[in-house]
Amino acid sequence: MSTVADKQMRSAASLIIAAPIHKQENGSNYRVLMVKRNARSSFINAHVYPGGVVDQYDHYSNWSQLSDTVASEEAKHILTNKICAIRETFEESGLLLSHPPSHAIKDLDVNIWRHKVHDDASQFKLMCDKYKILPAVDQLVPFSNWITPTFEKRRYDTMFFLTVLEYDTKEDQEIHLKPIAADGKENVLFDWLTPQEALDKFDKKEVVMIPPQWYSLQIMSGIPHFRDLLSKAGVGQFRTCASPQHLHEIIAILPQIKSLSEGTEQAKSGYTMLLAYPGDELYDDPKYKSEPGNKHRLYFKGKMQEFLLERNIDVSTIVQNRNSHW
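Numbers given in my numbering equal positions in the sequence shown, counted from 1, plus 1078.
Encoded structure:
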């Protein structure tokens, strides 16, 4: 659990973990790890991805073996968030992404250490030093950046990362994923679901989701093969297209809530409000271009009980000055 003091805006990191399956199910040959938060968490009973608030011990300056070759402030920021995502995933699930892999380390009891880390984030660095391992930050790809809307009391600036756990054999996969279990504190259970399975459960009101998770699953449901996830998932929606001059750039999404005009098709269907995202004609942010007719928005009913996405833009076309590349 992070020990960072409360502030108006807190930095956080989350990790989307995809694991291949040996046959295609519900349109995908992989499943995604989702965790159900308890009723006392910030995301009451919601299905989310592992993650949490950045702690001071996650800061890149504490990890010289990882940061010595990192030059830009942007890259240092990303490194800090990657370390946070790996640490939070470990303490919440028992899954440790490291070099060398944890199951190859004699005497490393991940179940004991995950609880130590949960109670004191500084223990993560101590564990890594003791067993001469490093967080596998190279396995994480920046996927999206969500900022809690201004109307919420608790606000987070969250970096989402994506990783694919590909192993040589089914036996290797089982060994590596065996430690995964809910911590019984913040999380009450884990589910391995294909993107479409998760969306179907939401539609049937069997699970609770918030927009970042729902939108990302909607994107992944259109990518059937796990080998395409890292290069294709979110491109056009959350990340810009790569070019010879620029790598993928992550779009910061600060949803802006808007009223829905009466008489519209969506209002007639029962949708009450919408969240405007970067590029939408209603979105107000000088960093991003917005033209009449542009749509990048999420309609919702009630208290985020049903979603409808409308998008006719590619975020690669809305960035005013492409000068960063994550």
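We put the CB at the ideal spot given by N, CA and C, even for glycine.
In this text, all values refer to a predicted model and were calculated from it rather than measured experimentally.
Give the secondary structure of W1292 by DSSP, where H, G and I count as helix, E and B as strand, and everything else as coil. helix
Can you tell me where the beta strand (DSSP E) holding Y1377 begins and where it ends? 1374-1379
Rounded to whole angstroms, what's the CA-CA distance from M1382 to A1124? Just pull it up for me. 11 Å
Which residues in the same chain as L1307 place their Cβ atom closer than 8 Å to its Cβ, once the five residues preceding and following it in sequence are excluded? A1096, Y1108, L1240, V1242, M1298, I1301
Looking at the secondary structure, which residues open and close the beta strand (DSSP E) in which H1100 lies? 1087-1103
Contact belief for T1342 with N1104 at Cβ below 8 Å, rounded distance in angstroms: Actually they are not in contact, since the Cβ atoms of T1342 and N1104 sit about 32 Å apart, beyond 8 Å.
State the DSSP-derived secondary structure class of Y1209, mapped to helix, strand or coil. helix
Any contact of the region 1176-1196 with the region 1130-1140, i.e. 3+ C-beta pairs under 8 Å? no
Alpha helix (DSSP H) segment containing A1163, residue limits: 1151-1171
Along the chain, where does the alpha helix (DSSP H) that runs through R1192 open and close? 1188-1197
Between the Cα of Q1134 and those of D1198, Q1102, K1101, spot the shortest distance and give me the residue it belongs to. D1198
Closest residue to L1093 among H1177, P1290, G1371 (Cα-Cα distance): P1290
Just the Cα atoms here: how many angstroms apart are K1194 and K1208? 14 Å
Could you tell me whether the region 1274-1281 touches the region 1143-1151, using the rule of 3 or more Cβ pairs below 8 Å? no
Taking CB distances under 8 Å as the criterion, tell me whether P1356 reaches chain C. Here there is only one protein chain, and chain C is not present.
Outcome for Q1334 when other beta-carbon atoms lying within 10 angstroms are tallied against a minimum of 16: buried
Can you name the start and end residues of the alpha helix (DSSP H) that S1145 belongs to? 1142-1145
Taking only three categories from DSSP, how would you classify H1181? helix
Taking the runs of the alpha helix (DSSP H) that are 4 residues or longer, which of them lie wholly in the region 1221-1259? 1248-1255
Would you list the one or two residues that DSSP bridges to H1125? K1114
Compute the distance between the beta-carbons of L1332 and M1351, then report whether it is under 8 Å. no
Integer-rounded CB distance, given that S1171 should sit under 8 Å from F1268: 6 Å
Kindly list the residues whose CB is nearer than 6 Å to the CB of A1214, restricted to its own chain and excluding five residues on each side of it in sequence; keep chain order. L1175, S1176, H1177
Endpoints, alpha helix (DSSP H) assigned at L1308: 1307-1310
Quick one: using the 10 Å Cβ neighbour count with 16 as the cut-off for buried, is M1087 buried or exposed? exposed
Would you kindly check if the distance between the Cβ of E1388 and the Cβ of G1371 is under 8 Å? no
Per DSSP, the bridge partner or partners of S1106: E1103
Measure the alpha-carbon distance for V1113 versus G1129 and round it to whole angstroms. 10 Å
F1378 versus K1336: straight-line alpha-carbon distance, rounded: 11 Å
Spatial distance of R1375 from A1311 (CA atoms): 18 Å
Who are the near neighbours of M1237 in its chain, counting only those whose CB is closer than 6 Å to its CB and skipping five residues on each side? A1091, N1159, N1223
Mind checking who Y1366 pairs with in its DSSP beta bridge? V1397
Ends of the alpha helix (DSSP H) at F1280? 1273-1281
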